[in-house]
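Scroll down for the structure; my scribbles are underneath it.
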Amino acid sequence: MRECTYYLVSSLCSDIFVFEGMSLDPLVKAEQGLYAPFFGSLGVTAAMAFAAAGSAYGTAKAGTGIASMAVARPDLVMKAIIPVVMAGIVAIYGLVVAVIVSGKVEPAGASYTINSGFSQFAGGLVCGLCGLGAGYAIGIAGDAGVRALSQQPRMFVGMILILIFAEVLGLYGMIVALILGAT
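Position 89 of the sequence shown, counting from 1, maps to 89 under our numbering, and the rest follow consecutively.
Spelled out as structure tokens, the structure:
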């Protein structure tokens with residue numbers, strides 16, 4: 001294991017650790033970004049965690065609606081499963097972004113800059129928060145939709161359209177995250 005030596009350089013506004021072989025220029029040091037992989041990894045975590053939380057909420061909320069609807073109309077349970085499936089797809093969006101972005105996170109160095117780390121963090125956050133919102137919307141709409149479906153079976157098409165519009169929020173987040181994570 002190589003031993004690192006560092007020198008403490010005092011300035012008026014902050015203390016800077018300078019590792020052997022690194023430049024004292026603050027702009028170069030910031031661009032090298034020793035903490036860039038942290039932000040890239042944080043983006044991976046945000047994409048998966050928030051999207052999974054939204055998916056879990058949507059599944060739970062729609063599942064309670066199915067459970068209450070199944071007492072009166074057990075013949076419609078298979079139609080009513082669609083909101084749960086659509087809520088599960090939101091987590092897949094987060095997983096796709098997390099896998100793609102994690103493949104681009106590299107150790108700190110000249111090739112992986114702080115701009116890359118921040119861009120991947122922003123992409124993961126966009127995907128995760130859009131997934132959280134989409135899962136929430138799917139859960140609320142799915143719960144109300146399956147309860148209405150038990151009273152009026154013609155509500156099925158309307159419920160599906162509302163769920164599609166809620167799902168597309170997560171898809172938009174995934175697209176933006178892939179664009180941000182690719183830079």
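Built from N, CA and C at the ideal position, the CB exists for glycine as well.
Here the structure is a predicted model, which is why all the values come from computation and not from measurement.
query                                                                                                                                                                 : result
Helix, strand or coil for GLN151, going by three-state DSSP, please let me know.                                                                                      : helix
Following the continuous alpha helix (DSSP H) through ALA70, name the residue where it begins and the one where it ends.                                              : 36-72
If distances are taken between C-alpha atoms only, which option among LEU171, ALA166, ILE179, PRO153 comes closest to GLN120?                                         : ILE179
State the DSSP-derived secondary structure class of TYR93, mapped to helix, strand or coil.                                                                           : helix
Measure the CB-CB distance between ALA91 and GLY131 and report whether it falls below 9 Å.                                                                            : yes
For my contact list, GLY94 and ALA52 are in at a C-beta cut-off of 8 Å; report their separation, rounded to the angstrom.                                             : 6 Å
Are the beta-carbon atoms of ILE138 and GLU167 separated by less than 9 Å?                                                                                            : yes
Counting only the same chain and skipping the five closest in sequence on each side, list residues whose C-beta sits under 7 Å from that of LEU171.                   : TYR93
Return the chain-ordered list of same chain residues with a C-beta closer than 8 Å to the C-beta of ASP143, the five sequence neighbours on each side being excluded. : LYS61, ALA62, THR64, GLY65, PRO83
Evaluate the contact criterion for the region 35-47 versus the region 69-81: three or more CB pairs, one atom per stretch, below 8 Å.                                 : no
Tell me which residues share the same chain as GLY135 and place their Cβ nearer than 6 Å to its Cβ, disregarding the 5 neighbours each side in the sequence.          : GLY54, SER55, TYR57, GLY58, ALA87, VAL90
Within 10 angstroms of its Cβ, does PHE50 collect 16 or more other Cβ (buried), or is it exposed?                                                                     : buried
Among ARG154, LEU161, SER116, which residue has its Cα nearest to the Cα of TYR35?                                                                                    : SER116
If I measure Cβ to Cβ from MET48 and keep anything under 6 Å in the same chain, skipping five residues before and after, which residues do I get?                     : GLY94, ALA98
Distance, Cα to Cα, LEU163 vs ALA67?                                                                                                                                  : 19 Å
Measuring CA to CA, which of PRO37, PRO74, THR45 is closest to LEU149?                                                                                                : PRO74
DSSP three-state call for ALA144: helix, strand or coil?                                                                                                              : helix
Any idea if PHE165 is buried or exposed, counting beta-carbon neighbours within 10 angstroms, 16 or more meaning buried?                                              : exposed
Among PRO153, MET155, ALA182, GLY173, which residue has its Cα nearest to the Cα of LEU129?                                                                           : GLY173
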